[in-house]
Amino acid sequence: MRKTRRFTLSSAVLLVMGASLTLAAPALKGDPAKGKALASETCAGCHGVDGNSETTTFPKLAEQHAVYLLKELQAYKAEHRISEIMAPMTSPLNEQDMIDVALYYASQKAKPAEVTKPELLAAGKKIYLEGNSKSGVPSCDGCHEEDGTGSAKFPRVAGQHVDYTLEEMKRYASGKRNYGTKIMRTVAERLTPEEAEAVAQYMASLK
34 MRKTRRFTLS SAVLLVMGAS LTLAAPALKG DPAKGKALAS ETCAGCHGVD
84 GNSETTTFPK LAEQHAVYLL KELQAYKAEH RISEIMAPMT SPLNEQDMID
134 VALYYASQKA KPAEVTKPEL LAAGKKIYLE GNSKSGVPSC DGCHEEDGTG
184 SAKFPRVAGQ HVDYTLEEMK RYASGKRNYG TKIMRTVAER LTPEEAEAVA
234 QYMASLK
């Protein structure tokens with residue numbers, strides 16, 4: 034019964050989006066070697082040369098889906114996703130530059146993240162896989178997959194820094210991050226701070 038309820042919640046979310054996880058992602062054509070050169074010059078200071086940022090407030094980009102990375106870079110450049118840091122970083126990049134960078138970081142191996150509160154992993158796993166039917170929070174695996182690897186439409190969350198995940202949850206809940214899908218804003222608004230912390234810890238534990 035519990036699994037059925039979880040599936041219903043996740044399915045409702047996807048239907049609202051009008052998205053399908055079965056659609057094939059468009060293939061990107063680019064040069065990861067050129068992407069590495071650009072990343073080393075422009076991105077490495079925050080995200081690391083290999084996409085495994087050491088600063089926990091900056092997201093890991095290693096193994097992130099190239100199509101998703103490209104979409105986010107385009108959003109920053111067009112200022113649909115607002116960031117005082119990312120706007121000037123993406124401004125000089127053309128479309129091919131962004132494709133090359135996305136392909137490069139997607140090709141890098143993600144390193145494990147630090148789980149700072151292991152005592153929250155059980156609670157985080159329950160919310161991630163089952164959601165919370167009482168508060169209307171859908172399970173996370175409906176979009177981000179059971180193992181957190183995501184898809185071209187939905188980002189990889191496995192091994193992401195706890196601090197970054199929590200900050201983005203806050204930005205979604207406050208409306209500061211409001212372009213694209215409204216699903217995450219709804220989820221972030223309904224999660225309690227304790228639930229958000231637990232989910233972030235569980236995501237960090239995934240490999």
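Under our numbering, the first residue of the sequence shown is numbered 34, with each subsequent residue one higher.
Where a beta carbon is used, it is the ideal one built from N, C-alpha and C, also for glycine.
Chain-order list of residues whose beta-carbon lies under 7 Å from that of residue i (same chain, five-residue window excluded)
{"i": "Gly-157", "result": "Ala-231, Val-232, Gln-234, Tyr-235"}
{"i": "Glu-200", "result": "Thr-90"}
{"i": "Pro-145", "result": "Gly-192, Lys-240"}
{"i": "Met-119", "result": "Tyr-109"}
6 Å Cβ shell around residue i - same chain, five flanking residues per side excluded
{"i": "Gly-169", "result": "Arg-223"}
{"i": "Val-82", "result": "Ser-73"}
{"i": "Phe-187", "result": "Cys-176, His-177"}
{"i": "Tyr-161", "result": "Cys-173, Val-232, Tyr-235"}
{"i": "Arg-114", "result": "Ala-108, Tyr-212"}
Rounded Cβ spacing between residue i and residue j (contact assumed at less than 8 Å)
{"i": "Pro-92", "j": "Gln-193", "result": "6 Å"}
{"i": "Ala-139", "j": "His-98", "result": "6 Å"}
{"i": "Leu-94", "j": "Gly-84", "result": "4 Å"}
{"i": "Leu-136", "j": "Leu-106", "result": "Contact flag wrong, Cβ pair sits at about 12 Å."}
{"i": "Arg-218", "j": "Ala-206", "result": "7 Å"}
{"i": "Ser-86", "j": "Val-148", "result": "Actually they are not in contact, since the Cβ atoms of Ser-86 and Val-148 sit about 17 Å apart, beyond 8 Å."}
{"i": "Leu-153", "j": "Ile-132", "result": "Not a contact, Cβ separation roughly 38 Å."}
Alpha helix (DSSP H) segment containing residue i, residue limits
{"i": "Gly-157", "result": "154-163"}
{"i": "Leu-102", "result": "99-110"}
{"i": "Gly-175", "result": "174-177"}
{"i": "Ser-207", "result": "195-207"}
{"i": "Cys-79", "result": "77-80"}
{"i": "Glu-218", "result": "Reading off the sequence shown, one finds Arg at residue 218, where the question assumed Glu. Start and end: 216-223."}
{"i": "Leu-61", "result": "That residue, Leu-61, is in no alpha helix (DSSP H); it is neither H nor E in DSSP."}
{"i": "Asp-133", "result": "128-139"}
{"i": "Tyr-235", "result": "226-238"}
{"i": "Thr-89", "result": "Counting along the chain, Thr-89 falls outside any alpha helix (DSSP H), and DSSP gives it neither H nor E."}
{"i": "Thr-123", "result": "119-123"}
Environment of residue i [buried if 16+ CB atoms lie within 10 Å]
{"i": "Glu-163", "result": "buried"}
{"i": "Val-100", "result": "buried"}
{"i": "Thr-123", "result": "buried"}
{"i": "Lys-78", "result": "First, the amino acid is wrong: residue 78 is Gly here, not Lys. Gly-78 should be labelled exposed."}
{"i": "Tyr-212", "result": "exposed"}
{"i": "Gly-68", "result": "buried"}
{"i": "Ala-221", "result": "buried"}
{"i": "Thr-225", "result": "exposed"}
{"i": "Gln-129", "result": "exposed"}
{"i": "Pro-121", "result": "exposed"}
Proximal residues to residue i (C-beta, below 8 Å), its chain only, five neighbours per side dropped
{"i": "Thr-55", "result": "Residue placement at Thr-55 is flagged as unreliable, the pLDDT there being 39, under the threshold of 50; a coordinate-derived value is accordingly withheld."}
Chain C contact for residue i (CB, 8 Å cutoff)
{"i": "Phe-91", "result": "Absence of chain C from the displayed structure is noted, only one protein chain being present."}
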